[in-house]
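Okay, so here's the structure we're looking at.
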Amino acid sequence: DSSRLVLGIETSCDDTAAAVISETGTILGECLHSQKEVHLRTGGIVPTVAQQLHKEHIERVVQEALERSGVDPRQLSAVATTVKPGLALSLGVGLEFSRSFVRRHSTPFIPVHHMEAHALTVRLLQPVPFPFLVLLVSGGHSLLAVARGVDDFLLLGHTLDEAPGDTLDKVARRLSLTEHPRCSTLSGGQAIELLAQQGDHLRFPFRTPMGQTYDCCFSFSGLRNQVNTTIEKKEAEEGIERGTLLSCVNDIAAATQHTVACHLAKRTHRAVLFCKANGLLPSLAPTLVLSGGVASNQYIRKALGIIAEATGLRLLCPPAKFCTDNGVMIAWNGVERLREGKGILPPDADVSYEPK
Ligand code: KG4
Ligand code: ZN
């Protein structure tokens, strides 16, 4: 098989991940080390801790991905690594490792934009022609864009304050959900999804953000304030200590998740209408891609499904393991760039990372 091989490396946030894939999209070997449990215990990501953990694990993670693939570094056509956006200290570890790796093995280097990689992952799984509409929702980002090509994205909207995953993580922390017996090992978003299944989302009518703003941007901090105020009020009513509310946690989780879903759905609906009015999507089988860590939420998927159905779009959402950060999506971005000859640098190129 003469198919070219790409090693992908991801360290932009709290996952150290690597994968080797072939040009045809076959995953030959992958490895991922998650720092989630450490960060859950400290109540959020401490950048210096994330950096230290990336340093401790990157060598082994890349080694394992290579070993599982049976590929020798000299067989690689390129190494693709996330260089933006993300936490500076985390990005630095992946980039430093990659720079010395490509120099040692004389391999071409492909710097990868983390969000573009999230957006294109779907094309590894099935044929999705450009252009398509994409909604990316994670702990660090929320954005709507038209993917017009491998390195051609028309940004329609982004978050003005925090990302939806960040909001869910903060609400979960405020409710001390890691102390909850069913949620101790879950991320904030996962914990809220689980508890919401037993909750009544109508019990707390939170306002959907930006009802009067006629664009496709997002805002979640106002929702978080509403939720916090509700929690404080309940704690006061019951005369209990901060972070010990139990009585209506499921309802708060359900109402929060519902409001996030409504906000994402309404903004996406606007984006679809904008795209249609401006001829930005193909008339035949227009596609909406939903990805990022928050996209693994079934309630949110369903809400976006309703919008897609109502507007005649086909909704595609990669399986959860491809929605959250992983090495495969970075390797795949490398393949897409390799195929088009875009952004391929020599092994000794001077590359720096960009947190923003
Ligand atoms: O894409 P990701 O792994 O990392 C980045 O932020 O780039 O996304 C992680 C985020 C976290 O905020 C987590 O709470 C959220 O995705 N998340 C979820 C679910 N699973 C993970 N949010 C809602 N529902 C879920 N099932
Ligand atoms: Zn991500």
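Okay, so the sequence shown: first residue is 1177 according to the numbering used here, each after it adds one. For glycine and all other residues, C-beta sits at the position ideal for the given N, C-alpha and C.
Exercise for the section: Report yes if the CB atom of V1527 is closer than 9 Å to the CB atom of R1279, and no otherwise. Expected result: In the sequence shown, residue 1527 corresponds to position 351, counting from 1. In the sequence shown, residue 1279 corresponds to position 103, counting from 1. Going by C-beta atoms, V1527 is not nearer than 9 Å to R1279.
Exercise for the section: My understanding is that I1506 touches A1321, with C-beta atoms under 8 Å, so please give their C-beta distance in whole angstroms. Expected result: Position 330 of the sequence shown, counted from the start, is the residue given in the question as residue 1506. Position 145 of the sequence shown, counted from the start, is the residue given in the question as residue 1321. Actually they do not touch by this definition, with Cβ atoms about 18 Å apart.
Exercise for the section: Give the DSSP bridge partners of I1185, in chain order. Expected result: The residue labelled residue 1185 in the question sits at position 9 within the sequence shown. Bridge partners of I1185: A1194, T1257.
Problem - Stretch-stretch touch, CB-based, cutoff 8 Å, three pairs: the region 1379–1398 with the region 1481–1498 - result: no
Handout entry: Classification of G1488 by the beta-carbon crowding that lies within 10 angstroms, buried from 16 upward
Key = Position 312 of the sequence shown, counting from 1, holds the residue named residue 1488. Counting Cβ neighbours within 10 Å, G1488 comes out exposed, since fewer than 16 surround it.
Problem - Continuous beta strand (DSSP E) stretch holding L1311: start and end - result: Counted from its first residue, the sequence shown places residue 1311 at position 135. Under the DSSP assignment, L1311 falls in the beta strand (DSSP E) whose first and last residues are 1308–1313.
Problem - Beta-carbon contacts of A1431 that lie in its chain and below 6 Å, excluding the five residues immediately before and after - result: Within the sequence shown, numbered from 1, the residue matching residue 1431 stands at position 255. Here A1431 has H1377, F1380, F1382 as same chain residues with Cβ atoms under 6 Å from its own Cβ, once five neighbours each way along the sequence are excluded.
Practice task
Please classify S1459: is it buried, with 16 or more other beta-carbons within 10 angstroms of its beta-carbon, or exposed?
Solution key: Residue numbering aside, residue 1459 sits at position 283 when the sequence shown is read from its first letter. Classification of S1459: exposed, given that the 10 Å Cβ count is below 16.
Exercise for the section: Between the Cα of K1346 and those of A1295, A1429, L1311, spot the shortest distance and give me the residue it belongs to. Expected result: On the sequence shown, residue 1346 is found 170 positions in, with the first residue counted as 1. Comparing Cα positions, the closest option is A1429.
Handout entry: Residue nearest to G1503 in terms of C-alpha spacing, selected from V1237, G1246, G1481
Key = Within the sequence shown, residue 1503 is the residue found at index 327, counting from 1. Here the closest residue by C-alpha is V1237.
Exercise for the section: Give a single yes or no on whether T1500 has its beta carbon closer than 8 Å to a heavy atom of the ligand ZN. Expected result: For the purposes of this step, residue 1500 is identified with residue 324 of the sequence shown, where counting begins at 1. Yes, the beta carbon of T1500 sits closer than 8 Å to at least one heavy atom of the ligand ZN.
Exercise for the section: Express the C-alpha separation of D1337 and Y1390 in angstroms, rounding to a whole number. Expected result: The residue labelled residue 1390 in the question sits at position 214 within the sequence shown. The residue labelled residue 1337 in the question sits at position 161 within the sequence shown. Taking the straight line joining both Cα atoms gives about 17 Å.
Practice task
Measure the alpha-carbon distance for G1341 versus G1333 and round it to whole angstroms.
Solution key: Here residue 1341 refers to the residue found at position 165 of the sequence shown. Here residue 1333 refers to the residue found at position 157 of the sequence shown. Rounded to whole angstroms, G1341 to G1333 spans 17 Å at the Cα level.
Exercise for the section: May I ask which residues mark the beginning and end of the beta strand (DSSP E) holding D1526? Expected result: Counting from 1 along the sequence shown, the entry for residue 1526 is found at position 350. First-last for D1526: undefined, no H or E at that position.
Handout entry: Supposed close pair R1180, L1514 - CB separation, criterion 8 Å
Key = Your numbering for residue 1180 matches position 4 in the sequence shown. Your numbering for residue 1514 matches position 338 in the sequence shown. About 6 Å separates the two Cβ atoms, so the contact holds.
Practice task
Could you check how far apart the C-beta atoms of L1480 and T1444 are, in whole angstroms? I think they sit under 8 Å.
Solution key: The count along the sequence shown starts at 1 and reaches residue 1480 at position 304. The count along the sequence shown starts at 1 and reaches residue 1444 at position 268. Yes, they are in contact, since the Cβ atoms of L1480 and T1444 sit about 6 Å apart, within 8 Å.
Practice task
Please classify E1369: does DSSP put it in a helix, a strand, or coil?
Solution key: Within the sequence shown, numbered from 1, the residue matching residue 1369 stands at position 193. Three-state result, E1369: helix.
Handout entry: Segment limits, beta strand (DSSP E) that includes S1467
Key = Position 291 of the sequence shown, counting from 1, holds the residue named residue 1467. Segment 1463–1467, the beta strand (DSSP E) holding S1467.
Handout entry: Straight-line gap, V1470 to E1186 (C-alpha atoms, nearest Å)
Key = Within the sequence shown, numbered from 1, the residue matching residue 1470 stands at position 294. Within the sequence shown, numbered from 1, the residue matching residue 1186 stands at position 10. Between V1470 and E1186, the C-alpha separation is close to 18 Å.
Handout entry: For G1246 and R1446, the rounded distance between their alpha carbons
Key = Here the question's residue 1446 lines up with position 270 in the sequence shown. Here the question's residue 1246 lines up with position 70 in the sequence shown. Between R1446 and G1246, the C-alpha separation is close to 47 Å.
Problem - Minimum length 4: unbroken alpha helix (DSSP H) runs contained in the region 1232–1296 - result: 1264–1281, 1290–1296
Handout entry: Cβ distance (whole Å) where L1265 is taken to contact Q1227 below 8 Å
Key = Sequence index remark: in the sequence shown, residue 1265 carries index 89 (1-based). Sequence index remark: in the sequence shown, residue 1227 carries index 51 (1-based). Contact between L1265 and Q1227 holds: CB atoms are separated by about 4 Å, below the 8 Å threshold.
Practice task
State the Cα-Cα distance for the pair A1254 and Q1366, rounded to the nearest angstrom.
Solution key: Taking the sequence shown and counting its residues from 1, one reaches residue 1254 at position 78. Taking the sequence shown and counting its residues from 1, one reaches residue 1366 at position 190. Cα-Cα distance, rounded: 35 Å.
Exercise for the section: Report the rounded CA-to-CA distance for R1299 versus S1423, giving the unit in angstroms. Expected result: On the sequence shown, position 123 is the one that residue 1299 refers to. On the sequence shown, position 247 is the one that residue 1423 refers to. Approximately 44 Å between the Cα atoms of the pair.
Practice task
Helix, strand or coil for A1339, going by three-state DSSP, please let me know.
Solution key: Numbered from 1 along the sequence shown, position 163 holds the residue referred to as residue 1339. Three-state DSSP puts A1339 in coil, outside helix and strand.
Practice task
Determine the closest residue to S1314 out of G1262, V1196, E1355, N1404, with distance taken between C-alpha atoms.
Solution key: As a position in the sequence shown, residue 1314 is number 138, starting the count at 1. Out of G1262, V1196, E1355, N1404, G1262 has the C-alpha closest to the C-alpha of S1314.
Handout entry: Beta-carbon spacing of V1326, E1516 below 9 Å
Key = Mapped onto the sequence shown, residue 1326 falls at position 150. Mapped onto the sequence shown, residue 1516 falls at position 340. In contact: V1326 and E1516 (Cβ atoms closer than 9 Å).
Exercise for the section: Using a threshold of 9 Å, state whether the C-beta atoms of L1344 and R1358 are closer than that. Expected result: As a first step, residue 1344 must be located in the sequence shown, where it is residue number 168. As a first step, residue 1358 must be located in the sequence shown, where it is residue number 182. No.
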